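Visitor: The following block contains the structure, expressed as structure tokens.
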Amino acid sequence: MRYAQYAGDAVALAALAVFSLAVGLAINHFRAEPMPMLYQTQEQRLAAQLDKLIHAPAFEVTPADFIGLGQFRSIVNSGSAVIIDARAEPFYNDGHVPGALNLSREDFARDYQRLSSVLARDRGKQIVVYCSGQDCHDSRMVASALLSLGFRRVEVFTGGFEAWSRAGMPVSRK
Amino acid sequence: MKPLGRTQAFLRWGELAIRLVVGGVFLYAGAVKISNPLQLADSIWSFQILPRALVTPLALGLPPFEILAGAMLVAGWRVGALAVAVATAIFSAAFASTLARGIAVDCGCFGGGSAPATLAGNLLELLRDLVILAAALAVYVARLGARNERRGA
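From first to last, the protein sequence lines stand for chains A and B. Just so you know, we're using the numbering used here here: the first sequence kicks off at 166 and counts up by one. Just so you know, we're using the numbering used here here: the second sequence kicks off at 81 and counts up by one.
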């Protein structure tokens, strides 16, 4: 008699456990970001995030549109876009377009994380990237990286800092 | 039904109090964890007991289990008391294992990350679980006895 009771309770307990697991799986399935079935440790998750950042510049795949000096100047003056300086930090500190943020190709992951809150806030805004001059590639690479990170309106000012300063436009120093 | 003696009345109220408190604790623990299974998974992983493949199923299944077991215990279902007892027995064994290995773990009992992981804290959590285990077992035995009495066994 007793044993039958214990066995019955054990079966009920097992059923409760199975039902709970089913409920948990169902809730997870309908979550906006379901948790993967194989657990990823905190270290693995951080590595995946960094990987995502570092491997982002697929610049051949997603070329950005180009704009000239006249258009760039009116965009800077209107303050309607996010201006990105893709050169290395010392060049940026030495002189950059007023209001530009330094998101360098060289330290992209580090700079991106530093700027992520600003960029996330202005996600829908137009982004214009420049580098040193006509022949540099950093602006195209950073623009492509931003496109592959999900930013939609990314353009490259081809003349770069050289064309900007030669036209006698204002320059900010850090 | 014969009138209750003093001792029996005391036991009956005591049992009700245990059911409400322990069942309430389980309901609360499950409810605060159910929205963040990833945090719970990190806590489970920190115990260094389960293989990676079992961490996610446990992190997803444990909160609903705690909520259901807690609700059943409050409602006075014998299986609810058994479920709480078995769960706390497993929690206690897990804490005993980490304490024996000298690993301080984030318990994750009530959502995790609320208190820094210390061995002293883990020892207190082990003692708390042992108290809950004893209380849940007492309710289970009392419910089993009451059932058999009703059936004249």
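In this text, a Cβ means the ideal position worked out from N, Cα and C, and glycines have one as well. A quick note: this is a predicted structure, and the numbers were derived from the prediction, not measured.
Kindly indicate if chain B contains any beta-carbon less than 8 Å away from that of Ala169(A).
Guide: no
Visitor: If you draw a straight line from the C-alpha of Arg158(B) to the C-alpha of Arg196(A), how long is it?
Guide: Distance from the CA atom of Arg158(B) to the CA atom of Arg196(A), rounded to whole angstroms, is 33 Å.
Visitor: When the distance is taken between beta carbons, is Ser185(A) closer than 8 Å to Leu236(B)?
Guide: Shown here, chain B extends from 81 to 233; a query on residue 236(B) therefore has no answer.
Visitor: Any contact of the region 293 to 307 of chain A with the region 326 to 335 of chain A, i.e. 3+ C-beta pairs under 8 Å?
Guide: yes
Visitor: When the Cα atoms are used, what is the spatial distance from Ser281(A) to Gly141(B)?
Guide: 34 Å
Visitor: What does the alpha-carbon distance come out to for the pair Ala182(A) and Phe145(B)?
Guide: 6 Å
Visitor: Less than 8 Å between CB atoms is the rule here; does Asp122(B) satisfy it with respect to chain A?
Guide: yes
Visitor: Which of the three DSSP states is assigned to His302(A) in this structure?
Guide: coil
Visitor: By Cβ distance, which residues of its chain are closer than 7 Å to Leu130(B), with the 5 residues on each side in sequence left out?
Guide: Taken in chain order, the residues that qualify are Ile124, Leu138.
Visitor: Using a Cβ-Cβ cutoff of less than 7 Å, which residues in the same chain neighbour Leu311(A) once the five nearest sequence positions on both sides are dropped?
Guide: Ile292, Val319
Visitor: Going by CA-CA distance only, name the one from Ile114(B), Ala169(B), Ser126(B), Ser115(B) that's closest to Ala197(B).
Guide: Ser126(B)
Visitor: Alpha carbons only, please: which of Phe237(A), Phe273(A), Ala332(A) is nearest the one belonging to Arg252(A)?
Guide: Phe273(A)
Visitor: Is Ala229(A) closer than 8 Å to Ala152(A) when the C-beta atoms are compared?
Guide: Outside the shown range of chain A (166 to 339) lies residue 152(A), about which nothing can therefore be said.
Visitor: Where Ala109(B) and Thr87(B) are concerned, what is the direct C-alpha to C-alpha distance, given to the nearest angstrom?
Guide: 32 Å
Visitor: Using CA atoms only, rank isn't needed, just tell me which of Glu229(B), Met152(B), Gly182(B), Gly201(B) is closest to Trp188(B).
Guide: For the sequence presented, residue 188(B) should be read as Gly rather than Trp. Closest by alpha carbon: Gly201(B).
Visitor: Let me check understanding here. Comparing Cα to Cα, which of Gly156(B), Ala169(B), Leu107(B) lies closest to Ile212(B)?
Guide: Ala169(B)
Visitor: Please list the terminal residues of the continuous beta strand (DSSP E) segment that includes Ile249(A).
Guide: 247 to 250
Visitor: Applying a beta-carbon distance threshold of less than 7 Å, which residues of chain B neighbour Ala177(A)?
Guide: Val159
Visitor: Measure the Cβ-Cβ separation of His261(A) and Asp276(A) and say whether it is below 8 Å.
Guide: no
Visitor: Verify whether the separation of the beta carbon atoms of Val219(B) and Ala161(B) is less than 8 Å.
Guide: A contact, by the Cβ cut-off of 8 Å.
Visitor: Taking Cβ positions only, does Ala197(A) come closer than 8 Å to chain B?
Guide: no
Visitor: Classify Asn267(A): buried if its beta carbon has 16 or more other beta carbons within 10 angstroms, exposed otherwise.
Guide: Buried, because 16 or more other Cβ atoms sit within 10 Å of the Cβ of Asn267(A).
Visitor: Pull up the CB-CB distance for Ala165(B) and Leu217(B), whole angstroms please, since I reckon it's below 8 Å.
Guide: In this structure Ala165(B) is in contact with Leu217(B), their Cβ atoms being roughly 5 Å apart against a cut-off of 8 Å.
Visitor: If the cut is a Cβ gap below 8 Å, which residues of chain A does Ala149(B) touch?
Guide: Against Ala149(B), the close residues of chain A are Leu181, in the order they occur along the chain (beta-carbon pairs closer than 8 Å).
Visitor: So if DSSP puts Asn163(A) in a beta bridge, which residue, or which two residues, is it bridged to?
Guide: The displayed coordinates of chain A run from 166 to 339. Any statement about residue 163(A) would go beyond what the structure contains.
Visitor: Does the beta-carbon of Arg305(A) have 16 or more other beta-carbons within 10 angstroms, so that it is buried, or is it exposed?
Guide: buried
Visitor: When burial is assigned at 16 or more other CB atoms within 10 Å of the CB, is Arg132(B) buried or exposed?
Guide: exposed
Visitor: So the beta strand (DSSP E) Phe231(A) belongs to, where does it begin and stop?
Guide: 230 to 232
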